[in-house]
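First comes the structure, then the notes that go with it.
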Amino acid sequence: MHDFKYKGNSLYCESIRVEDLSKKVATPFYLYSYKTLIDHFRKLKKAFRSINPLICYSMKANSNLAICSSLVKEGAGLDIVSGGELFKATKSGVSPKKIVYASVGKTQKEIQQALKIGILFFNVESEAELENINRVARNLKKDAKVAIRINPDVEPKTHQYITTGRLTNKFGIDFRTAKNIFLKRKEFRNLKINGLHIHIGSQIIKSAPFVSAIKRVANFVAELKKELIDLEFLNIGGGLGIIYKDEKPQTADEFAKAVLPILKQTGLKIILEPGRFIAGNAGILVAKVLYIKKTKAKTFVIVDAGMNDLIRPALYSAYHEILPIEHRAFPRLRSGQASIEHRKKVDIVGPICESADFFAKDRLLPRINEGDLLAIMGAGAYGFSMSSNYNCRSRVAEVMVIKNKFFITRKRETYNDLIRGETIPSILK
Ligand code: PLP
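The opening position of the sequence shown corresponds to residue 55 in the numbering used here, with each subsequent residue numbered one higher.
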């Protein structure tokens, strides 16, 4: 599943002992395993090899340039959602012809930039946006390729904040409106509307919701064919779930087996947009224990990372496994877990002034001491990319390990970075 493993009492990332690394890089920091990242990409590529899809890694999961360019080198395209991601995508070495652009709120300027760069297509989320892209393309004397994002109204059985394919969500266009758009497609003279897109949510662990959504879209493709409307692309989005705790998510092979027969029927070029599946288990957040605070109700383990560094527990009540970087004063089972009698129930919390600033609640963990290092696992996706400067905390460093070498792929921010661009109006001075 990943390349963060114990050798003796020490946690290693590939061939590097994490404790050794933490003497060179100040905590907290994100640590990525190149091998884990690439292995996940290859698993998906292999599972779908019979149709040779374009796999556009979803940059929002983790847009570090080293991560993106590692995947681009493996043949990945990129799924973007903003002008900023477009800018970073161009720096990653990806061909514009492998960039797809979603988002319900693309601005005029973002559309212009994407058209000038020549991306593969836009995933369009409303009629108003369609008109806007048409207008911008006309002004630039260009044609824009467009896929209509369908909202298939399926229940993906995941957290409500990462559910995107119900009609109550802001994403996509219902089938009936989409059909009308296709029927009047000639009115959009500067658009080539030749694809469909779905993305029903994230951290979906069973294939049934995907199958149900893809079936509905495949039927729609057939319905359009009857109207002599031929498409080129079907983008089935991302959303594949991963193991954070004890989930049993579908494997890449199981997913492919479930959806390939329907995809093949469509005869379209297939695009996938996975983010979490590729990056999630390829990263951890390394934090140091600052204090142990015992109250009548709880034992709090206060670490130097906070919800500004990894917001998933606060935002989604997400579970992240937490492991000691070194097993010292307690015996350990083969699995890397401490034996039961040496565990204690603790809350792992950060230094931020919010009660939502936690990484674990009432978690049974091996005895932890001040100064210990902890690994917050499964933090490679929606970790750094959702981090902020809240409480004026500098965003942490990102480090990538490739076999026995490590690379700082993003420097820790300095205090000066915190005031970059800020000014005090002269009349206040
Ligand atoms: N595609 C779109 C349009 C998305 O909105 C997202 C995530 O929100 C993704 C792909 C990636 O999802 P995941 O990381 O679950 O694979």
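We treat Cβ as the ideally placed atom computed from N, Cα and C, and that holds for glycine. Bear in mind that the values here come from a model prediction, so they are computed numbers and not experimental data.
- Rounded to the nearest angstrom, the gap between the Cα atoms of ILE268 and LYS59 is 37 Å.
- Secondary structure note for GLY138: its alpha helix (DSSP H) is the uninterrupted segment 137–145.
- Spanning the alpha carbons of VAL208 and LEU428 requires a straight line of approximately 39 Å.
- When LEU75, GLU327, SER104 are compared, the shortest CA-CA separation from TYR111 is found for GLU327.
- In the DSSP assignment, TYR84 falls outside any alpha helix (DSSP H) and within the unbroken beta strand (DSSP E) covering 83–87.
- In the three-state reduction of the DSSP assignment, GLY334 falls in the helix class.
- The three-state secondary structure of ASP228, taken from DSSP, is coil.
- As the crow flies, the alpha-carbon of LYS151 is around 54 Å from that of LYS347.
- Distances from the CA of ALA130 to each of THR463, SER146, LEU369 were compared; the closest alpha carbon is that of SER146.
- Contact between PHE412 and ILE376 fails: their C-beta atoms lie close to 11 Å from each other, not under 8 Å.
- Contact annotation: the segment 81–92 touches the segment 338–358, with at least three C-beta pairs closer than 8 Å.
- Taking every protein chain shown into account, the CB of ARG230 has fewer than 16 other CB atoms within 10 angstroms, so this residue is exposed.
- Taken atom to atom, the span from the alpha-carbon of TYR436 to that of GLY404 is near 18 Å.
- Near the ligand PLP, meaning a Cβ closer than 5 Å to any of its heavy atoms, lie the following residues in chain order: SER112, ALA115, ALA156, HIS253, SER256, GLY291, GLY292, GLY293, GLU327, PRO328, GLY329, ARG330.
- In this structure, the CA atom of SER64 is about 18 Å from the CA atom of MET55.
- Sorting GLU68, CYS67, SER124 by C-alpha distance to the C-alpha of PHE95 places SER124 at the top.
- In the structure shown, ALA429 adopts extended strand secondary structure according to DSSP, grouped into three states.
- Residue nearest to LEU98 within the set ALA310, LYS342, LYS127 is ALA310 (criterion: CA-CA distance).
- Taking 4 residues as the shortest admissible run, the segment 338–368 contains no complete alpha helix (DSSP H) segment at all.
- Rounded to whole angstroms, the separation of the alpha carbons of LYS100 and LYS233 is 34 Å.
- Going by DSSP, ASN289 is part of the beta strand (DSSP E) stretching over 287–289.
- In the three-state scheme derived from DSSP, where H, G and I count as helix and E and B as strand, ALA198 is classed as strand.
- For SER442, there is no enclosing beta strand (DSSP E), as DSSP marks it with neither H nor E.
- The alpha-carbon separation between LEU472 and ASP401 amounts to approximately 30 Å.
- For ARG464, DSSP records a beta bridge to GLU452.
- Shown here for LEU314: same chain residues with a beta carbon closer than 8 Å to its own, the five before and five after excluded, namely PHE102, SER104, ILE105 in chain order.
- Among the bridge pairs identified by DSSP, THR217 is matched with GLY255.
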